[in-house]
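Residue numbers (the working numbering), protein chains in the order written: chain A, 4 to 309; chain B, 29 to 263; chain C, 178 to 281.
Virtual Cβ for every residue (Gly too), placed ideally from N, Cα, C.
These figures come from a predicted structure and were not determined experimentally.
To keep things clear, I will list the structure first and then write my remarks on it.
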Amino acid sequence: MGVAPALAWTIALSGGGAALAHAVERGLRRTMPDVDPGPAAPVQIGVERAPAQTDPWFYSAAPAIALFGVALALVVIPFGGQLVGADLEVGAFYYLVVLDFVSLAIALGGWGANTPDAVEACYRAVAQLVAYVVPLGLAVIGPLMMARTLSTVAIVEAQHRAGLWYVVAQPVGFALYIATGAMQGYRAPFTEPFASQIHGGVLAAYGGAQALVWRVALSALLFTIAAMGAVLFLGGYAGPIGGPIGMGLKTLGVLVLIVLAGRFFRARSTAETLALSWKVLVPVGLLNVGLVGSLILLGVGQSAFR
Amino acid sequence: MEIAPALQIVLFAVFAAISVLGALGMATTMSMFRSGVFLMASFFGVAALFLLLLADLLSLLQVMMYLGGMLVMILFMVLFSSDPGGSMMAGMMTMTRVEKAFSRGLSRPSPMATPHGAGGGMDMAAGHDMSMTTPARKWARHFGWAVAVVLSGALVLRPVARATERALPDPRSPERIGDLLMGKYMIAFEGAGLLILLGIFGAVLLARPSERPDPEDRGHLRAAVDAPPPPPEEG
Amino acid sequence: MSAVPLSAYLVVGALLFAIGLYAIVAQRTAVMVLMGIEVVLNAVGLNMVAFWRFLRPDDYSAQIFVIAIVTIGAIEMAVGLALMMLIYRSQRTVKVDDFEELRG
């Protein structure tokens with residue numbers, strides 16, 4: 004796509020994705036009344052908040068950086084062979100890097116707002132970044148190894164030519180992706196940076212238009228994580244359920260899975276999240292890489308390359 | 029991706045300015061948090077320069093490593109310094125023009141709100157020198173200027189004559205780097221892995237709770253960490 | 178063809194190096210000194226990639242070198258922060274002027 008169509012497509016996708024994720028979470032909220040809503044908590048867009056003694060540079064930049072990071076990540080998610088903002092050679096790696104900007108935005112906004120709750124949210128968000136980034140990388144590496152490429156379009160094509168959705172070959176990797184996706188999106192059970200105990204953390208310090216930007220960014224974040232999961236593990240826009248509609252349905256499925264899977268676990272504190280990441284998720288991830296390597300040597304999913 | 033030459037020069041100027049101003053801001057601002065963020069911005073500027081130099085994997089690697097690394101470094105600074113937000117120092121120190129530019133917005137004349145973190149730090153003894161820089165700063169500034177002028181002058185007056193530009197590099201950089209890492213530089217790769225492992229061991233070992241008794245005021249912090257999290261509030 | 182000459186990138190590297198040196202020498206806290214070291218390493222990396230692009234774009238060894246620089250810089254920062262934390266526990270200070278125990 005050219006620059007202008009890609010820009011329009013990314014904006015449309017961010018808005019549409021945010022609306023979809025928001026609607027799904029609102030709908031599923033009724034089935035999980037006692038789960039901490041985290042970033043999906045209702046935001047008062049009508050109220051203007053102006054905390055005293057903010058760091059003006061950080062406080063105003065934070066929501067924009069969050070939305071920017073999510074929009075940049077949506078550029079590489081393909082909804083069709085040509086329906087992608089830009090098919091980067093290093094698409095999957097770029098996706099991993101760019102979504103870290105959301106954690107940066109929460110840290111900046113939390114510190115900039117200079118209220119005790121917001122600064123607490125800043126610390127928790129940085130700790131959660133440290134917790135999710137290594138297991139997420141290990142989960143994503145499985146499909147990258149099987150598809151032998153970093154480009155998102157090429158990963159979908161590889162699954163299509165091999166006639167195999169990678170979730171079938173790597174169920175452990177998929178489960179790991181769902182878990183770290185919940186960590187990355189601050190959804191249950193990893194909602195500590197946005198817990199109701201600290202009144203929503205960063206969200207409590209913002210009102211008006213900036214609160215709307217936060218809401219769009221956080222909902223679109225969940226949509227992006229689900230879309231990437233569909234691309235990596237469920238065959239994206241290819242396969243029996245294909246095209247943009249199929250991709251949308253798969254994204255919806257992964258979204259619902261991430262939200263519903265959280266209801267079975269109580270909310271984890273930040274220290275517990277870090278311990279879980281270090282003691283459980285990283286070893287499972289390494290095991291997954293070993294498993295996938297063995298499967299590749301046995302020829303699973305490699306009919307695309309014969 | 030072909031970029032027009034005029035656009036290349038503009039992009040280079042913008043990102044070079046971000047890199048240099050970011051590093052300058054890191055060295056001169058009164059707020060330690062801002063210092064960390066300025067350093068992050070400088071690294072992102074250099075990553076953009078890497079993109080202009082057609083090293084895409086390397087630029088992404090740079091962003092990923094330093095985003096996470098700087099955030100954690102900032103967290104450490106906040107834990108161990110007495111005025112991480114800089115508003116106390118910005119309020120009471122006489123700053124040079126550069127420092128004032130990078131510390132704008134930090135100090136407010138409001139008497140009620142407490143500045144970031146100040147007063148909670150450990151070494152707030154009366155009469156303590158709160159400056160961010162050592163006494164060597166006076167000649168360090170001249171030293172820095174001297175190095176910058178000498179190096180830039182040498183580069184401008186005697187340009188690198190042999191810099192004839194060859195063909196464009198291979199765009200499939202992940203494949204090429206992967207081949208090299210697994211082939212020619214396997215020892216370096218494994219050595220780096222071993223070094224990382226030793227670094228992890230060392231850091232965890234050094235930061236273990238020690239036999240020394242914790243300071244008195246850390247008792248309640250330790251108890252708060254060990255206690256189970258309270259249940260979420262209703263409503 | 179790159180419109181920006183090699184010398185331009187090297188000048189940026191030189192400026193970053195000088196600022197990093199200033200930060201290492203003039204900053205008072207151990208963490209700020211570590212950050213100055215990171216700036217210096219970054220300047221070196223920029224020089225390496227610039228030379229790679231203009232002189233030897235077919236040999237990717239330069240990028241491997243930069244990966245090694247970034248990795249080792251990260252490890253050194255981690256261990257440095259752990260050491261700083263240990264010194265803080267025993268000395269209750271992070272100012273480098275006060276780290277005087279080895280002074281003869």
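Residue i touches chain B at which residues, Cβ-Cβ below 7 Å?
i: residue 219(C); result: 71 and 74
i: residue 107(A); result: 95 and 99
i: residue 340(A); result: A question about residue 340(A) goes unanswered here, because the residues of chain A that appear run from 4 up to 309.
i: residue 129(A); result: 99, 100 and 103
As a quick exercise: from the options, pick the residue whose alpha carbon is nearest that of residue i.
i: residue 4(A); options: 64(A), 82(A) and 179(A); result: 82(A)
i: residue 298(A); options: 87(A), 169(A), 228(A) and 127(A); result: 169(A)
i: residue 33(A); options: 280(A), 295(A), 285(A) and 263(A); result: 263(A)
i: residue 46(B); options: 209(B), 34(B) and 70(B); result: 70(B)
i: residue 28(A); options: 108(A), 191(A) and 234(A); result: 191(A)
i: residue 40(A); options: 199(A), 69(A) and 123(A); result: 199(A)
i: residue 83(B); options: 202(B), 173(B), 65(B) and 59(B); result: 202(B)
i: residue 254(C); options: 97(B), 107(B) and 177(B); result: 97(B)
i: residue 195(A); options: 266(A), 30(A), 276(A) and 163(A); result: 276(A)
i: residue 97(A); options: 75(A), 112(A) and 113(A); result: 75(A)
i: residue 44(A); options: 248(A), 281(A) and 219(A); result: 219(A)
i: residue 131(A); options: 245(A), 292(A), 278(A) and 294(A); result: 278(A)
i: residue 287(A); options: 175(A), 250(A) and 147(A); result: 175(A)
i: residue 195(C); options: 100(B), 170(B) and 200(B); result: 170(B)
i: residue 304(A); options: 9(A), 147(A) and 244(A); result: 147(A)
i: residue 152(A); options: 59(A), 90(A), 240(A) and 25(A); result: 90(A)
i: residue 220(B); options: 251(C), 182(C) and 265(C); result: 251(C)
i: residue 226(B); options: 201(C), 245(C), 256(C) and 189(C); result: 256(C)
i: residue 60(A); options: 95(B), 61(B), 197(B) and 91(B); result: 61(B)
i: residue 261(A); options: 302(A), 289(A), 155(A) and 228(A); result: 228(A)
i: residue 112(A); options: 56(A), 150(A), 103(A) and 66(A); result: 66(A)
i: residue 306(A); options: 161(A), 42(A) and 70(A); result: 161(A)
i: residue 66(B); options: 79(B), 196(B), 89(B) and 99(B); result: 99(B)
How would you list, in chain order, the residues of chain C whose beta-carbon sits under 7 Å from the beta-carbon of residue i?
i: residue 204(B); result: 237
Tell me which residue opens and which closes the alpha helix (DSSP H) that residue i is part of.
i: residue 78(B); result: 60–80
i: residue 121(A); result: 119–150
i: residue 29(A); result: 6–32
i: residue 160(A); result: 155–165
i: residue 266(C); result: 238–268
i: residue 276(A); result: 273–279
i: residue 183(A); result: 174–187
i: residue 33(B); result: 33–56
i: residue 203(B); result: 201–210
i: residue 201(A); result: Counting along the chain, residue 201(A) falls outside any alpha helix (DSSP H), and DSSP gives it neither H nor E.
i: residue 103(A); result: 94–116
i: residue 184(C); result: 183–203
i: residue 237(B); result: Residue 237(B) -> no alpha helix (DSSP H), and no H or E assigned at all.
i: residue 80(A); result: Where residue 80(A) is concerned, there is no enclosing alpha helix (DSSP H), given that its DSSP letter is neither H nor E.
i: residue 55(A); result: Careful: residue 55(A) lies outside any alpha helix (DSSP H) and carries neither H nor E.
i: residue 90(B); result: 84–108
i: residue 265(A); result: Per DSSP, residue 265(A) belongs to no alpha helix (DSSP H) and is neither H nor E.
i: residue 229(C); result: 207–232
i: residue 179(C); result: First-last for residue 179(C): undefined, no H or E at that position.
i: residue 306(A); result: Counting along the chain, residue 306(A) falls outside any alpha helix (DSSP H), and DSSP gives it neither H nor E.
Name, please, each residue of chain B whose Cβ falls closer than 9 Å to the Cβ of residue i.
i: residue 194(C); result: 175, 176 and 179
i: residue 280(C); result: Under the 9 Å cutoff, chain B gives no residues; its nearest Cβ is about 15 Å from residue 280(C).
Cβ closer than 8 Å: which chain B residues qualify as neighbours of residue i?
i: residue 277(C); result: Going along chain B, no residue has its Cβ under 8 Å from residue 277(C), so there is no contact; the nearest lies around 13 Å.
i: residue 249(C); result: 220 and 223
Closer than 7 Å: is that where the CB of residue i sits relative to any heavy atom of the ligand GTP?
i: residue 87(A); result: By its list of ligands, the structure shown contains no ligand whatsoever, and the ligand GTP lies outside what it can speak to.
Whose Cβ in chain A lies nearer than 9 Å to the Cβ of residue i?
i: residue 85(B); result: 92, 93, 96 and 153
i: residue 88(B); result: 93, 96, 97, 99, 100 and 101
So with CB distances below 8 Å, who are the chain A contacts of residue i?
i: residue 96(B); result: 103, 132, 133 and 136
Run down chain C in chain order and give the residues with a C-beta less than 9 Å from the C-beta of residue i.
i: residue 104(B); result: 208, 258, 261 and 262
Under 8 Å between beta-carbons, which chain C residues line up against residue i? List them in chain order, please.
i: residue 184(B); result: 184 and 188
Can you confirm whether the stretch 176–190 of chain A touches the stretch 211–225 of chain A when touching is taken to mean that 3 or more C-beta pairs between the two stretches lie within less than 8 Å? yes
Touching or not, the stretch 94–112 of chain A and the stretch 247–261 of chain A, by the rule of three or more beta carbon pairs under 8 Å? The answer is no - the stretch 247–261 of chain A does not touch the stretch 94–112 of chain A, with fewer than three Cβ pairs under 8 Å.
Report yes or no: do three or more beta-carbon pairs, one from the stretch 71–79 of chain B and one from the stretch 204–223 of chain C, lie closer than 8 Å? yes
Cβ contact check for the stretch 110–129 of chain A and the stretch 169–184 of chain A: 3 or more pairs under 8 Å: no
Of all the alpha helix (DSSP H) runs that stay within the bounds of the stretch 225–258 of chain A, which reach a length of 4 or more residues? none
Do the stretch 206–213 of chain A and the stretch 49–59 of chain A touch if we need at least three Cβ pairs shorter than 8 Å? Output reads yes: the stretch 49–59 of chain A touches the stretch 206–213 of chain A.
The stretch 150–167 of chain A / the stretch 203–210 of chain A touching (three or more Cβ pairs under 8 Å): The way I'd put it, the stretch 150–167 of chain A doesn't touch the stretch 203–210 of chain A; fewer than three beta-carbon pairs between them come closer than 8 Å.
Per the contact definition of three or more C-beta pairs closer than 8 Å, is the stretch 238–255 of chain C in contact with the stretch 204–213 of chain B? yes
Can you find at least 3 beta carbon pairs, one from the stretch 209–216 of chain C and one from the stretch 39–58 of chain B, that sit closer than 8 Å? yes
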